[in-house]
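In full-length UniProt numbering, the protein residues as written are 1 to 193.
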(Lines of atoms letter the chains of each structure in order from A; the text may use other names.)
(Lines give C-alpha, C1' and ligand atoms only; values in the text may rest on other atoms or scores of the structure.)
Protein backbone atom coordinates (compact mmCIF):
# COMPACT_ATOMS: atom_id res chain seq x y z
CA UNK A 1 0.00 0.00 0.00
CA UNK A 2 1.10 3.57 -0.54
CA UNK A 3 1.09 6.38 2.05
CA UNK A 4 -2.42 7.60 1.14
CA UNK A 5 -3.91 4.10 1.42
CA UNK A 6 -2.05 3.35 4.63
CA UNK A 7 -3.18 6.60 6.25
CA UNK A 8 -6.76 5.91 5.20
CA UNK A 9 -6.62 2.39 6.69
CA UNK A 10 -5.12 3.69 9.94
CA UNK A 11 -7.76 6.43 10.20
CA UNK A 12 -10.50 3.86 9.54
CA UNK A 13 -9.14 1.56 12.27
CA UNK A 14 -8.94 4.50 14.69
CA UNK A 15 -12.54 5.46 13.92
CA UNK A 16 -13.73 1.96 14.81
CA UNK A 17 -11.46 1.20 17.79
CA UNK A 18 -10.07 4.49 19.17
CA UNK A 19 -12.71 7.13 18.35
CA UNK A 20 -11.28 9.82 20.64
CA UNK A 21 -7.92 9.64 18.86
CA UNK A 22 -9.67 9.56 15.47
CA UNK A 23 -11.73 12.64 16.34
CA UNK A 24 -8.59 14.62 17.20
CA UNK A 25 -7.14 14.17 13.69
CA UNK A 26 -8.12 16.57 10.94
CA UNK A 27 -7.81 16.47 7.19
CA UNK A 28 -5.67 19.19 5.59
CA UNK A 29 -7.43 22.55 5.78
CA UNK A 30 -6.18 23.27 2.28
CA UNK A 31 -3.70 21.63 -0.03
CA UNK A 32 -0.18 22.57 1.08
CA UNK A 33 1.79 24.88 -1.21
CA UNK A 34 4.66 22.48 -1.80
CA UNK A 35 6.69 24.99 -3.86
CA UNK A 36 6.55 27.45 -0.95
CA UNK A 37 7.49 24.75 1.57
CA UNK A 38 10.42 23.57 -0.55
CA UNK A 39 11.67 27.13 -0.92
CA UNK A 40 11.62 27.66 2.84
CA UNK A 41 13.05 24.25 3.75
CA UNK A 42 15.60 24.48 0.90
CA UNK A 43 15.02 20.82 0.06
CA UNK A 44 12.88 18.89 -2.39
CA UNK A 45 10.06 17.15 -0.54
CA UNK A 46 9.75 13.43 -1.31
CA UNK A 47 6.51 11.99 -2.62
CA UNK A 48 5.83 10.11 0.64
CA UNK A 49 5.93 13.34 2.65
CA UNK A 50 3.70 15.14 0.16
CA UNK A 51 1.21 12.25 0.30
CA UNK A 52 1.18 12.33 4.10
CA UNK A 53 0.43 16.05 4.17
CA UNK A 54 -2.28 15.65 1.52
CA UNK A 55 -3.92 13.02 3.76
CA UNK A 56 -3.30 14.34 7.28
CA UNK A 57 -3.72 17.88 8.54
CA UNK A 58 -2.44 17.07 12.03
CA UNK A 59 -4.59 18.08 14.99
CA UNK A 60 -6.21 21.29 16.15
CA UNK A 61 -3.90 23.44 18.27
CA UNK A 62 -2.16 21.50 21.04
CA UNK A 63 -4.48 18.48 20.93
CA UNK A 64 -2.50 15.25 21.15
CA UNK A 65 -3.34 12.08 19.21
CA UNK A 66 -0.63 9.48 19.72
CA UNK A 67 -1.04 7.74 16.37
CA UNK A 68 2.68 7.11 15.83
CA UNK A 69 4.67 5.09 18.37
CA UNK A 70 5.67 5.50 21.02
CA UNK A 71 3.80 8.79 21.71
CA UNK A 72 3.77 11.02 18.63
CA UNK A 73 0.97 13.12 17.16
CA UNK A 74 1.27 13.63 13.40
CA UNK A 75 1.79 17.15 12.10
CA UNK A 76 0.10 18.69 9.12
CA UNK A 77 2.26 20.80 6.80
CA UNK A 78 1.56 24.02 8.74
CA UNK A 79 2.50 22.46 12.09
CA UNK A 80 5.66 20.98 10.56
CA UNK A 81 6.70 24.35 9.16
CA UNK A 82 6.05 26.09 12.50
CA UNK A 83 8.17 23.51 14.33
CA UNK A 84 10.97 23.75 11.76
CA UNK A 85 10.94 27.55 12.08
CA UNK A 86 11.33 27.21 15.86
CA UNK A 87 14.40 25.08 15.29
CA UNK A 88 15.71 27.63 12.78
CA UNK A 89 15.51 30.36 15.44
CA UNK A 90 17.90 28.29 17.53
CA UNK A 91 20.34 27.87 14.62
CA UNK A 92 20.24 31.61 13.94
CA UNK A 93 20.73 32.50 17.60
CA UNK A 94 23.61 30.08 18.07
CA UNK A 95 25.34 30.53 14.68
CA UNK A 96 26.20 26.91 15.02
CA UNK A 97 26.69 24.32 12.32
CA UNK A 98 24.72 21.09 13.01
CA UNK A 99 26.84 18.49 14.80
CA UNK A 100 26.06 15.53 12.59
CA UNK A 101 27.31 13.77 9.52
CA UNK A 102 26.47 14.87 5.99
CA UNK A 103 24.61 11.65 5.14
CA UNK A 104 21.00 10.74 5.89
CA UNK A 105 20.47 8.35 8.76
CA UNK A 106 23.69 9.21 10.56
CA UNK A 107 23.58 10.12 14.27
CA UNK A 108 23.63 13.75 15.30
CA UNK A 109 23.77 15.93 18.38
CA UNK A 110 22.05 19.05 17.09
CA UNK A 111 19.01 19.59 14.89
CA UNK A 112 19.87 19.58 11.19
CA UNK A 113 18.12 21.96 8.72
CA UNK A 114 17.37 19.00 6.41
CA UNK A 115 15.29 17.26 9.08
CA UNK A 116 11.61 17.97 8.46
CA UNK A 117 9.39 17.44 11.53
CA UNK A 118 6.39 15.17 10.89
CA UNK A 119 5.14 14.44 14.44
CA UNK A 120 5.65 15.65 18.00
CA UNK A 121 5.09 14.46 21.54
CA UNK A 122 3.63 17.74 22.83
CA UNK A 123 6.86 18.68 24.55
CA UNK A 124 9.98 18.88 22.37
CA UNK A 125 10.72 15.41 20.98
CA UNK A 126 9.81 14.82 17.33
CA UNK A 127 9.84 12.37 14.49
CA UNK A 128 11.63 13.89 11.51
CA UNK A 129 12.16 12.91 7.90
CA UNK A 130 15.87 13.07 7.12
CA UNK A 131 16.39 14.75 3.75
CA UNK A 132 20.18 14.80 3.81
CA UNK A 133 21.71 13.00 0.81
CA UNK A 134 22.64 9.35 0.77
CA UNK A 135 21.07 5.89 0.56
CA UNK A 136 18.86 6.56 3.63
CA UNK A 137 17.44 9.81 2.22
CA UNK A 138 13.82 10.01 3.46
CA UNK A 139 14.29 7.84 6.56
CA UNK A 140 12.44 8.69 9.77
CA UNK A 141 14.49 9.65 12.83
CA UNK A 142 13.48 10.33 16.44
CA UNK A 143 14.81 13.71 17.65
CA UNK A 144 15.27 13.72 21.44
CA UNK A 145 15.34 17.33 22.60
CA UNK A 146 16.53 16.61 26.16
CA UNK A 147 19.62 14.81 24.90
CA UNK A 148 19.79 16.91 21.70
CA UNK A 149 20.36 13.86 19.56
CA UNK A 150 19.18 11.32 17.04
CA UNK A 151 20.74 7.89 17.08
CA UNK A 152 19.58 5.67 14.25
CA UNK A 153 16.75 5.60 11.75
CA UNK A 154 13.49 4.33 13.20
CA UNK A 155 12.05 3.53 9.76
CA UNK A 156 13.36 3.60 6.17
CA UNK A 157 10.65 6.10 5.21
CA UNK A 158 7.11 7.29 5.87
CA UNK A 159 5.49 4.35 4.06
CA UNK A 160 7.56 1.91 6.14
CA UNK A 161 6.51 3.71 9.32
CA UNK A 162 2.82 3.67 8.40
CA UNK A 163 3.06 0.02 7.30
CA UNK A 164 4.50 -0.83 10.72
CA UNK A 165 1.75 1.13 12.51
CA UNK A 166 -1.00 -0.42 10.37
CA UNK A 167 0.34 -3.94 10.96
CA UNK A 168 0.56 -3.26 14.72
CA UNK A 169 -3.01 -2.00 14.90
CA UNK A 170 -4.48 -4.85 12.83
CA UNK A 171 -2.47 -7.68 14.39
CA UNK A 172 -1.76 -6.38 17.91
CA UNK A 173 2.00 -6.71 17.39
CA UNK A 174 4.70 -4.14 18.16
CA UNK A 175 5.56 -1.20 15.94
CA UNK A 176 9.15 -0.39 16.70
CA UNK A 177 9.46 -1.02 20.43
CA UNK A 178 5.81 -0.27 21.34
CA UNK A 179 2.55 -2.22 21.43
CA UNK A 180 -0.78 -0.56 20.61
CA UNK A 181 -3.53 -0.52 23.22
CA UNK A 182 -6.79 1.37 23.45
CA UNK A 183 -7.75 3.06 26.71
CA UNK A 184 -11.23 2.76 28.22
CA UNK A 185 -12.06 6.25 27.02
CA UNK A 186 -11.22 5.41 23.37
CA UNK A 187 -7.68 6.71 22.93
CA UNK A 188 -4.86 4.90 21.16
CA UNK A 189 -1.92 4.40 23.49
CA UNK A 190 1.44 2.77 22.87
CA UNK A 191 3.03 0.66 25.61
CA UNK A 192 6.81 0.37 25.54
CA UNK A 193 8.01 -3.17 26.26
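The beta-carbon is built from N, C-alpha and C at its ideal position, and this holds for glycine as well.
Enumerate in chain order the residues of its own chain whose CB-to-CB distance from residue i is below 6 angstroms, with the five nearest sequence positions on each side excluded.
{"i": "residue 79", "result": "58"}
{"i": "residue 199", "result": "Since the first residue shown for the chain is 1 and the last is 193, residue 199 is missing from the structure and cannot be characterised."}
{"i": "residue 198", "result": "This structure cannot speak to residue 198, because the chain is shown only from 1 to 193."}
{"i": "residue 17", "result": "182"}
Within 10 Å of its beta-carbon, does residue i have 16 or more other beta-carbons around it, so buried, or fewer, so exposed?
{"i": "residue 148", "result": "exposed"}
{"i": "residue 129", "result": "buried"}
{"i": "residue 61", "result": "exposed"}
{"i": "residue 21", "result": "buried"}
{"i": "residue 3", "result": "buried"}
{"i": "residue 109", "result": "exposed"}
{"i": "residue 193", "result": "exposed"}
{"i": "residue 87", "result": "buried"}
{"i": "residue 105", "result": "buried"}
By the three-class DSSP mapping on this structure, what secondary structure does residue i have?
{"i": "residue 23", "result": "helix"}
{"i": "residue 181", "result": "strand"}
{"i": "residue 68", "result": "strand"}
{"i": "residue 130", "result": "strand"}
{"i": "residue 15", "result": "helix"}
{"i": "residue 173", "result": "coil"}
{"i": "residue 156", "result": "coil"}
{"i": "residue 168", "result": "helix"}
{"i": "residue 150", "result": "strand"}
Kindly list the residues whose CB is nearer than 8 angstroms to the CB of residue i, restricted to its own chain and excluding five residues on each side of it in sequence; keep chain order.
{"i": "residue 8", "result": "55"}
{"i": "residue 172", "result": "179 and 180"}
{"i": "residue 10", "result": "67, 162, 165, 166 and 169"}
{"i": "residue 107", "result": "100, 101, 149, 150, 151 and 152"}
Got a sec, what are the start and stop residues for the alpha helix (DSSP H) residue i sits in?
{"i": "residue 191", "result": "It is not in any alpha helix (DSSP H) - residue 191 instead sits in the beta strand (DSSP E) that spans 188-192."}
{"i": "residue 36", "result": "34-41"}
{"i": "residue 54", "result": "47-55"}
Grab me the residues of residue i's own chain with a C-beta within less than 7 angstroms of its C-beta, minus the 5 sequence neighbours each way, in chain order.
{"i": "residue 43", "result": "114 and 131"}
{"i": "residue 183", "result": "189"}
Going by DSSP, what residue range makes up the beta strand (DSSP E) through residue i?
{"i": "residue 141", "result": "139-143"}
{"i": "residue 120", "result": "115-120"}
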